[in-house]
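Trainee: Those sequence lines, one after another, are chains F and Y.
Positions in the first sequence are counted from 1; adding 33 to them yields my numbering.
Positions in the second sequence are counted from 1; adding 33 to them yields my numbering.
Yeah, the Cβ is synthetic: ideal placement off N, Cα and C, and Gly gets one too.
Encoded as structure tokens, here's the structure I'll be asking about.
2 protein chains.
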Amino acid sequence: MKQPLHDRIRSDYEARILSGALLPGARLPTELELMRDYACSRMTVNKALSALTAAGLIDRRKRAGTFVARPRVHSMVLDVPDLEQEVAQRGQRYRYDLLRREVRMPDPGTAEETLLAGAGPLLVLDGVHHADDVPLASEQRLISLSAVPETEGVDFAGASPGAWLLKHVPWTQAETRIAAVGADRAVAAGLNLLPGSPCLLIERRTWRGDDGITLVRQHFVGSAYDLIATFGPAKG
Amino acid sequence: MKQPLHDRIRSDYEARILSGALLPGARLPTELELMRDYACSRMTVNKALSALTAAGLIDRRKRAGTFVARPRVHSMVLDVPDLEQEVAQRGQRYRYDLLRREVRMPDPGTAEETLLAGAGPLLVLDGVHHADDVPLASEQRLISLSAVPETEGVDFAGASPGAWLLKHVPWTQAETRIAAVGADRAVAAGLNLLPGSPCLLIERRTWRGDDGITLVRQHFVGSAYDLIATFGPAKG
DNA sequence: TGGATAGTAATGTATAGACATAATTTGAGG
DNA sequence: CCTCAAATTATGTCTATACATTACTATCCA
């Protein structure tokens, strides 16, 4: 129960806002009033309110005061865990089968390849992720060798390239596209499905600064995988 | 360009961590050393490091020091815009057709219904979202009338219930599940597809505090819709 | 009436110091 | 050599104060 005072102030108002007792637009007491309420110095109050500001729960305007923020409607946090960990957490055995490995120059006619690697060489890795020997996802990956030359010497047979990259290559930006598609012939063959079966397509590009690192396209068996995104404090 | 000093310290080290110049486990200078580096007081240094701690970029241990945090949690920001706005932004005409409206008690055998509304009544709304008169998504929605009694008097024929709720009912928590499924008979009929066609399933629950507000299940035509999630500064 | 100007109330940033807390290192005694 | 206690070091919390910044308010003068 040794809760710091600034944390108590913060959680007091966090609770009131999250419970709806303080509705969006409602005004909070000024720092001076809170100093009196909690019998503490202004810096302590300020630390609590700064934390709420950073969390996006309140808006503060000089001279005007402190107000409950409108919830940011359409941004949620999407957790994209590492596949190997994910499978292990479900208590299943993970395996990655490398089907193709190839170094080539980008096709100047394919925008996504030149966008990733400029004029530099590409490492192409195709494979399938398994959970308990059942195919879970098929993966086509491009890695820019000029951005990550050390990948050329790595043996990816067996280890997922995603996990290797995550551990060895820090990145600063990423973009993920999520869609539902029918499996084409190649994907269906890799996943042991009928062509046209619904698959969750996850396409991710990552950058470090301005340099493209990798572009990966994963097709998940629709019936075996889903994603969860959340907003606000954890629920269940 | 009037950047506060604590913010400059924070962004200096944020940049070094994100760029990989400081690898996970690396030790940062102590607060005393940073005071000298930046010629400022300890509180200023502390504010910068507290922000990095809150952002999960560093770990701090008493006596031991400050270290770059271990694994970068792979979480991204998912934008789930309002469908009506989304369609309008593409320059298309939006329409929502209400197919069913019904008030009933939750089925005690269906966990998701009692979880949403407890023992209170449910408003059931089924409909289809159109873009330029082409079906885009089919929607099955449950609303807890005890949490939002005012919905009972609203005429949802024509206006999307999602947009109405967003505007009138503040919520504090939400969870979204994303999956790829084949269209069942009912969904296929509403979307004018063949049964089994790949659809992006988006299932969202929202709460205010501990009270469930709404549970919505949307099936998007796979070929016509996708989601984008990003991490880091905007790219393209 | 209207418009510049001074006042004022709120947040934003920063300082210098104090004591609390936790973990590691060191030292004393067995 | 081992163990327990004390010193050390770095972070954690808090105070009291100061001045900066911003935007709203009121006032004065044309």
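Per DSSP, what kind of secondary structure is residue 164 of chain F in: helix, strand or coil?
Mentor: If DSSP states are grouped into helix, strand and coil, residue 164 of chain F belongs with the strands.
Trainee: Pair every Cβ in the stretch 36 to 43 of chain F with every Cβ in the stretch 70 to 81 of chain F, then say whether three or more of these pairs are closer than 8 Å.
Mentor: The stretch 36 to 43 of chain F is in contact with the stretch 70 to 81 of chain F.
Trainee: Check whether chain F comes within 8 Å of residue 111 of chain Y, counting only Cβ atoms and requiring the distance to be less than that.
Mentor: Yes, because at least one Cβ of chain F sits closer than 8 Å to the Cβ of residue 111 of chain Y.
Trainee: Need the endpoints of the alpha helix (DSSP H) that residue 147 of chain Y sits in, please.
Mentor: From DSSP, the alpha helix (DSSP H) with residue 147 of chain Y extends over 144 to 150.
Trainee: Given 8 Å as the limit, is there contact between the stretch 143 to 155 of chain Y and the stretch 54 to 64 of chain Y, that is, 3 or more CB pairs closer than that?
Mentor: Result no; under three Cβ-Cβ pairs closer than 8 Å.
Trainee: Leaving out five residues before and five after residue 214 of chain F in sequence, what residues of the same chain have Cβ atoms less than 6 Å from its Cβ?
Mentor: Hits under 6 Å: 232, 234.
Trainee: Considering only C-alpha positions, which residue in the set Y:210, Y:75, Y:261, Y:139 is nearest to residue 259 of chain F?
Mentor: That would be Y:210, whose Cα lies nearest to the Cα of residue 259 of chain F.
Trainee: Rounded to the nearest angstrom, what separates residue 67 of chain Y and residue 81 of chain F at their Cα positions?
Mentor: Residue 67 of chain Y and residue 81 of chain F: Cα-Cα distance of roughly 24 Å.
Trainee: With residue 212 of chain F and residue 255 of chain Y assumed to form a contact (beta carbons below 8 Å), what rounded beta-carbon distance in angstroms separates them?
Mentor: Indeed they touch by this definition, with Cβ atoms about 7 Å apart.
Trainee: Using only CA atoms, which one of F:49, F:45, F:36, F:249 lies nearest to residue 204 of chain Y?
Mentor: The option with the nearest alpha carbon to residue 204 of chain Y is F:49.
Trainee: Using the rule of at least 16 other Cβ atoms within 10 Å of the residue's Cβ for burial, across every protein chain shown, is residue 194 of chain F buried or exposed?
Mentor: Buried, because 16 or more other Cβ atoms sit within 10 Å of the Cβ of residue 194 of chain F.
Trainee: Return the CA-CA distance between residue 159 of chain Y and residue 170 of chain Y, expressed in angstroms with no decimal places.
Mentor: So the alpha carbons of these two residues sit roughly 11 Å apart.
Trainee: Is there contact here, the stretch 119 to 139 of chain F with the stretch 78 to 95 of chain F, by at least three beta-carbon pairs under 8 Å?
Mentor: No contact exists between the stretch 119 to 139 of chain F and the stretch 78 to 95 of chain F.
Trainee: Using a Cβ-Cβ cutoff of less than 7 Å, which residues in the same chain neighbour residue 190 of chain Y once the five nearest sequence positions on both sides are dropped?
Mentor: The residues are 131.
Trainee: Using the Cα positions of residue 176 of chain Y and residue 183 of chain F, report the straight-line distance between them to the nearest angstrom.
Mentor: Between residue 176 of chain Y and residue 183 of chain F, the C-alpha separation is close to 54 Å.
Trainee: For the beta strand (DSSP E) containing residue 129 of chain Y, list its first residue and its last residue.
Mentor: Note, residue 129 of chain Y: beta strand (DSSP E), 127 to 137.
Trainee: Is there a Cβ from chain Y that is less than 8 Å from the Cβ of residue 132 of chain F?
Mentor: Residue 132 of chain F does not count as touching chain Y.
Trainee: Using a cut-off of 8 Å between C-beta atoms, extract the partners of residue 107 of chain Y located in chain F.
Mentor: Those are 112, 113, 114, 115, 199, listed as they occur along chain F.
Trainee: Just the chain Y side, please: which residues come within less than 7 Å of residue 157 of chain F by C-beta, in chain order?
Mentor: Those do not exist, as residue 157 of chain F stays about 23 Å from chain Y at its closest Cβ, beyond 7 Å.
Trainee: Alpha carbon to alpha carbon, what distance is there between residue 198 of chain Y and residue 240 of chain Y?
Mentor: When rounded, the distance between both Cα atoms is 12 Å.
Trainee: Quick check on DSSP: helix, strand or coil for residue 221 of chain Y?
Mentor: DSSP places residue 221 of chain Y in helix when its eight states are reduced to three.
Trainee: Alpha carbon to alpha carbon, how far is residue 161 of chain Y from residue 64 of chain Y?
Mentor: Those two C-alpha atoms are separated by around 58 Å.
Trainee: Between which two residues does the beta strand (DSSP E) containing residue 252 of chain F stretch?
Mentor: Unbroken beta strand (DSSP E) run through residue 252 of chain F: 244 to 254.
Trainee: Measure the C-alpha to C-alpha separation of residue 174 of chain F and residue 97 of chain Y and round it to an integer number of angstroms.
Mentor: Straight-line Cα distance between these residues: approximately 41 Å.
Trainee: Relative to the alpha-carbon of residue 228 of chain F, which residue among F:237, F:238, F:236, F:216 has its alpha-carbon at the smallest distance?
Mentor: Ranking F:237, F:238, F:236, F:216 by Cα distance to residue 228 of chain F puts F:216 first.
Trainee: Could you check how far apart the C-beta atoms of residue 139 of chain F and residue 155 of chain F are, in whole angstroms? I think they sit under 8 Å.
Mentor: So it is a contact: roughly 5 Å between Cβ atoms.
Trainee: Can a CB atom of chain Y be found closer than 8 Å to the CB of residue 207 of chain F?
Mentor: Yes, its Cβ sits closer than 8 Å to a Cβ of chain Y.
Trainee: Based on Cα-Cα distance, which residue from F:167, F:101, F:219 lies nearest to residue 125 of chain F?
Mentor: Nearest of F:167, F:101, F:219 to residue 125 of chain F, Cα basis: F:167.
Trainee: Taking only the alpha-carbon atoms, compute the straight-line gap between residue 35 of chain Y and residue 83 of chain Y and give it to the nearest angstrom.
Mentor: Rounded to whole angstroms, residue 35 of chain Y to residue 83 of chain Y spans 21 Å at the Cα level.
Trainee: Could you tell me the distance, in whole angstroms, from the CA atom of residue 45 of chain F to the CA atom of residue 52 of chain F?
Mentor: Taking the straight line joining both Cα atoms gives about 11 Å.
Trainee: Can you check whether the CB of residue 264 of chain F is closer than 8 Å to the CB of residue 287 of chain F?
Mentor: What is shown of chain F runs 34 to 269, which leaves residue 287 of chain F out entirely.
Trainee: Compute the beta-carbon to beta-carbon distance between residue 196 of chain F and residue 117 of chain F, rounded to the nearest angstrom, for a pair I have assumed lies under 8 Å.
Mentor: Right, the Cβ-Cβ distance comes to about 5 Å (below 8 Å), so this counts as a contact.
Trainee: Taking the CB atoms as reference points, tell me whether residue 237 of chain Y and residue 220 of chain Y lie closer together than 8 Å.
Mentor: Going by C-beta atoms, residue 237 of chain Y is not nearer than 8 Å to residue 220 of chain Y.
Trainee: What residues in the stretch 206 to 238 of chain F have a beta carbon less than 7 Å from any beta carbon of chain Y?
Mentor: Against chain Y - using a Cβ distance shorter than 7 Å - the residues of the stretch 206 to 238 of chain F are 206, 207, 208, 209, 210, 211, 212, 213, 214, 215, 231, 232, 233.
Trainee: Closer than 7 Å by C-beta to residue 75 of chain F: which residues in its own chain qualify, once you throw out the five before and the five after it? Chain order, please.
Mentor: Closer than 7 Å at the Cβ level, and outside the excluded window around residue 75 of chain F, lie 64, 68.
Trainee: State the DSSP-derived secondary structure class of residue 115 of chain F, mapped to helix, strand or coil.
Mentor: Coil, per DSSP.
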